[in-house]
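Undergrad: Residue numbers (our numbering): 60 to 573.
Quick reminder that beta carbons are idealized off the backbone N, C-alpha and C, glycines included.
Model, not experiment: these values are computed from the prediction.
(1) Quick test of the definition: if touching needs 3 or more C-beta pairs under 8 Å, does the region 158-177 touch the region 103-118?
(2) Mapping the DSSP letters down to three states, classify residue 496 as helix, strand or coil.
(3) Which two residues bound the contiguous alpha helix (DSSP H) that contains residue 344?
(4) Would you check if there are 3 or more beta carbon pairs closer than 8 Å linking the region 477-485 to the region 517-526?
(5) Would you tell me roughly how many angstroms separate the C-alpha atoms of residue 190 and residue 492, rounded to the nearest one?
(6) Let me check one thing: in DSSP terms, what residues is residue 505 bridge-paired to?
(7) Which residue comes first and which comes last in the beta strand (DSSP E) that contains residue 183?
(8) Applying the criterion that 16 or more other CB atoms from any shown protein chain within 10 Å of the CB defines a buried residue, is residue 111 buried or exposed?
(9) With DSSP collapsed to three states, give me the class of residue 220.
(10) Are there three or more Cβ pairs, one per stretch, closer than 8 Å when the region 382-393 is compared with the region 415-426?
(11) Could you pull out every residue in the same chain whose Cβ sits closer than 6 Å to the Cβ of residue 258, ignoring the five residues on either side in sequence?
(12) Could you tell me which residues DSSP puts in a beta bridge with residue 237?
(13) Which residue spans inside the region 341-429 form an unbroken alpha helix (DSSP H) run of at least 4?
(14) Please state whether the Cβ-Cβ distance between residue 487 and residue 325 is less than 8 Å.
(15) Taking three-plus beta-carbon pairs below 8 Å as touching, is the region 371-383 in contact with the region 343-353?
(16) Only counting the same chain, and skipping five residues up and downstream in sequence, which positions put a Cβ closer than 6 Å to that of residue 564?
(17) Is residue 279 helix, strand or coil by DSSP?
(18) Could you check where the beta strand (DSSP E) with residue 206 kicks off and where it finishes?
(19) Please go through the same chain and pick out, in chain order, the residues whose beta-carbon is closer than 8 Å to the beta-carbon of residue 568, but skip the five residues on each side of it.
(20) Give every residue of the same chain whose Cβ lies closer than 8 Å to the Cβ of residue 498, excluding the five residues on either side of it in the sequence, and list them in chain order.
(21) In whole angstroms, what is the alpha-carbon distance linking residue 365 and residue 359?
(22) Assuming contact is defined by CB atoms lying nearer than 8 Å, are residue 242 and residue 220 in contact in what I supplied?
(23) Do the region 450-458 and the region 434-442 make contact, defined as three or more Cβ pairs closer than 8 Å?
(24) When burial is assigned at 16 or more other CB atoms within 10 Å of the CB, is residue 83 buried or exposed?
(25) With three or more C-beta pairs closer than 8 Å as the rule, is the region 459-473 touching the region 425-433?
(26) Round the Cβ separation of residue 531 and residue 276 to the nearest angstrom and send it over; I've been treating them as touching at under 8 Å.
(27) Which word fits residue 129, buried or exposed, when buried means at least 16 other C-beta atoms lie within 10 angstroms of its C-beta?
(28) Between the alpha carbons of residue 572 and residue 509, how many angstroms are there, rounded?
(29) From residue 60 to residue 152, what distance separates their C-alpha atoms?
(30) If I measure Cβ to Cβ from residue 68 and keep anything under 8 Å in the same chain, skipping five residues before and after, which residues do I get?
(31) For residue 386, does the count of other Cβ atoms within 10 angstroms reach 16, so buried, or fall short, so exposed?
(32) Cβ atoms of residue 382 and residue 370: under 8 Å apart, would you say?
(33) Taking the alpha carbon of residue 197 as the point to measure from, which residue in 341, 296, 319, 156 has its own alpha carbon closest?
(34) Compute the Euclidean distance between the alpha carbons of residue 85 and residue 303, then round it to the nearest angstrom.
(35) By the three-class DSSP mapping on this structure, what secondary structure does residue 251 have?
(36) Within the same chain, show all residues whose beta-carbon is closer than 7 Å to that of residue 222, passing over the 5 residues directly before and after it, in chain order.
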């Protein structure tokens, strides 16, 4: 069972309003609708989890019904748009099972997150249905489907044959969500898209080419960052395939993934006496004394002796303390630490000299500019099996590995790649005359203190209380998706001289409280 407790979140902030941008460019009523130069008869949406309606860490029916393409499709119906069919999940728990033969099923995706209760004013977040999924990936739905958003897909995946073959799921060559609605095991997403002869399309793809890498702490052994040149090759190939349909459409760029709640919620200094004592401050203070005496103090002295005294300081009993992390951009002081510990004359340090050098050669305390993924919270204090038992608490006595943290150089690497991706996307839109959505700009607006307002309700990127992002900190709520839907609608109207009315964001669901 997943349990996430986020401290210092004031629920009252949800109801706080202030002056901010108002979304009234096209009123949702009293508007004469027109299709302009577009034909919305057969609208197909292409993309990843953001297109599918994924939220709260899972794909589930109510979330899909509040996907931004389904909202756009409803407005298109006012001017001759057709039905919009989605590959709906059978329930609101989410999660997936992969049948391995006979009655053997392997759960490959968690159920959705929900707020079970509040502990000391903070939300206690768990998985629905005790994180027991009931939906089989192997069950293929009868299509075709207008919403072709595939959770987890990168740009190249939309071009890949066999991406919907269940036999490739365990191998990582196929996607379990596409398996559910691929027309055949050998087809590709783009082939199924073209087979429907769309008259209008939307495309929002590329987030995962950077996002998955960011959420993995920029650890390339876990996830990879798509090189910009390769991204351009795949993206332009995808656009060329879409262009053969002669459909008009709208494409969106990629938000900076390092500004989403999943990477900005957990502070770099969460180690208070209460946390280190499991809620007992006295016990926490005792742990701090022990850590300072047996680890932080000796390490600080050794690092000072080798000219790196700024890396680690003593823990405080009165202030929040930073996480202990491994920073691969730092010079590795393995040899120097080992030598200094050996020369110290302290029997304990001499005995640990080799271990100290090997473990803390690139260790430092986290600082402003680092980012801690939301998923790393559960790992704070967990056991590192390769460490000495007394020094095995990850992020506390054992440095957090690369996959648990984003350091400034990695953040720069990711955002530089996204900037390059967005140049490719905007150029593709311009070359084909497609409508263009600056989703990055809109997400940046949500990230400001004032946020975005609709009819007096303010939406920001703040975790839980901001109203726009769901409980996974990556995907949007129904209201957040409505804000994005309106950006698509505004761009469609401006490019094709249509007058689709915007949707009322306040009519959709936000974070649900117990």
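TA: This is what the structure holds:
(1) yes
(2) strand
(3) 340-350
(4) no
(5) 45 Å
(6) Note: residue 505 sits in no beta bridge, so no partner.
(7) 181-186
(8) buried
(9) coil
(10) yes
(11) 98, 100, 101, 306
(12) For residue 237, which the question treats as bridged, DSSP gives no partner whatsoever.
(13) 356-364, 393-402, 406-419
(14) no
(15) yes
(16) 513, 538, 541, 542
(17) coil
(18) 206-208
(19) 121, 125, 536, 537, 538
(20) 263, 311, 312, 313, 314, 543, 546
(21) 10 Å
(22) no
(23) yes
(24) With a pLDDT of 46 at residue 83, under the threshold of 50, the modelled position of this residue cannot be trusted; read the value that follows with caution. It is exposed - the Cβ of residue 83 has fewer than 16 other Cβ atoms within 10 Å.
(25) yes
(26) At roughly 17 Å, the Cβ-Cβ gap does not stay under 8 Å, so residue 531 and residue 276 are not in contact.
(27) buried
(28) 23 Å
(29) Bear in mind that the predicted position of residue 60 carries a pLDDT of just 40, short of 50, making it too unreliable to give a figure here.
(30) Low confidence applies here, because residue 68 scores a pLDDT of 31, under 50, leaving its location unreliable; read the following figure in that light. Once the five neighbours on either side are set aside, the close Cβ partners of residue 68 are 180, 181, 182, 522, 523, 524.
(31) buried
(32) no
(33) 156
(34) Any reading at residue 85 needs caution, since the residue's pLDDT is 45, under 50, leaving its predicted position unreliable; the model's value is listed next. So the alpha carbons of these two residues sit roughly 32 Å apart.
(35) helix
(36) 216, 233, 234, 237, 247, 248
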